[in-house]
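Please read the structure below before turning to the comments.
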Amino acid sequence: MNLAQLNYVLAVAQTGSFTIAAKNCHVTQPTLSNSIAQLEDEFQARIFSRTTRRVGLTPFGQHIMPYIEKLVEANYDLVDESKKFNNQETNVVRIGKSPLMSCQYLAAVMNDFRTENPDSEIVLCERNSGDLIDLLERGEVDYVFDVAAEKKPTRASEFLYEEPLYFIPSTAQPIRNVNVVHFSDISDEVFVMVDDESGLNKFIREMFGHHNHVLKEYTGKTVSFRELENWAHCGLGAALLPKSAITVTSGQRYILCDQDERPIQIRYEATWKKNIPVTSGKLKNFLKQ
1 MNLAQLNYVL AVAQTGSFTI AAKNCHVTQP TLSNSIAQLE DEFQARIFSR
51 TTRRVGLTPF GQHIMPYIEK LVEANYDLVD ESKKFNNQET NVVRIGKSPL
101 MSCQYLAAVM NDFRTENPDS EIVLCERNSG DLIDLLERGE VDYVFDVAAE
151 KKPTRASEFL YEEPLYFIPS TAQPIRNVNV VHFSDISDEV FVMVDDESGL
201 NKFIREMFGH HNHVLKEYTG KTVSFRELEN WAHCGLGAAL LPKSAITVTS
251 GQRYILCDQD ERPIQIRYEA TWKKNIPVTS GKLKNFLKQ
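Per the UniProt record's numbering, residue 1 is the first one in the sequence shown, and the count goes up by one each step.
This is the structure in structure tokens:
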């Protein structure tokens, strides 16, 4: 028995799928399946019942699952405490940010933090949302600055700021001369999107799901948020971007409002694991001010 096997079991129990669990654990499905089979041989009992339609816990699996969860959580606690001890004398705060986030806001936060903590060093890296959470879970960054993420019991978060979402029409389909548009005005448009599970993509898809409307996506994808604006101006499809991400000074753009005439806001948060090094905790306290 090893921790990798226990993590695989926990991932399958949480997702109900060997395929999704393998993807989340960054291993192939045969690797995950074989590891769980070896563990079942060691226990001399089946943990999962498998059918062509679903995966579920056996009575034995239900019995041992709380113990597996405790062991996995104890491993995380041990790793966190060792990092906390080893980093307590350092003055480095590691931040992972989304490329969507406003550089002006980030610069203001970093400058104010340095003023209050002149002996602390901020190390910044930029990644897409999925990669940022992976870095956070592996302990390679202390904080993630991004569009509000899924809440987890092992993480904490703090509101940073919010900004209005803008609709940029395709030049092929100009709309009337107004300053704002409503969701119902743009819900049937085809939208250009970035090619990853970014915070912006998730926000847009959740917004359409909240309105019970199917999001129509342009087949091609870009790797850059900045390019969405250009693609819209080329007539490939409409775009949705926060105000700070709009760079082209000319062209049509409209504040997107809900049915109550309130601008739809995209919310940014700082997210961190609850057990963080002492120095990194300075930023947590600073953000809470």
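We put the beta carbon where it would ideally sit given N, CA and C, even for glycine. Please read all numbers here as calculations on a predicted model, not as lab measurements.
Around the beta-carbon of C25, 16 or more other beta-carbon atoms lie within 10 Å, marking it buried. Taking a C-beta distance under 8 Å as the contact criterion, F48 and G56 qualify as a contact pair. With a beta-carbon spacing of about 13 Å, L200 and F208 fall beyond the 8 Å limit used to define contacts. Between the region 91-102 and the region 110-129 there are three or more C-beta pairs closer than 8 Å, enough to call the two in contact. Cβ contact annotation for L3 (same chain, cutoff 8 Å, sequence separation greater than five): L71, V72 and N75, in chain order. Sequence-distant partners of G16 (beyond 5 residues in either direction) whose C-beta falls short of 7 Å from its own C-beta, in its chain, are R54 and V55. A distance below 8 Å separates the beta carbons of F203 and V147. Here the C-alpha atom of K243 lies approximately 19 Å from the C-alpha atom of V109. With a beta-carbon spacing of about 6 Å, K221 and V194 fall inside the 8 Å limit used to define contacts. Closest option to I255, judged by alpha-carbon separation, among A245, H210, H182 and H211: H182.
DSSP places T219 in no alpha helix (DSSP H) but in the uninterrupted beta strand (DSSP E) bounded by K216 to T222. Look at M65 here: in three-state DSSP terms it is helix. Beta-bridge partners of Q265 (DSSP): P164. Separation of the CB atoms of E229 and L240 is rounded to 11 Å, and the pair is thereby denied contact status at 8 Å.
Collapsing the DSSP output to three states places A270 in a strand. Around the Cβ of V192, a 10 Å sphere holds 16 or more other Cβ atoms; the residue is buried. For E42, the enclosing alpha helix (DSSP H) begins and ends at Q29 to F43. Note that the C-beta distance between K274 and A156 is below 8 Å.
Membership of V180 in any alpha helix (DSSP H) is not indicated; the residue belongs instead to the beta strand (DSSP E) covering V180 to H182. Residue ranges of uninterrupted alpha helix (DSSP H) with 4 or more members, entirely inside the region 87-170 and ordered along the chain, are 103-116 and 129-137.
Residue pairing by DSSP puts R50 in a beta bridge opposite V55.
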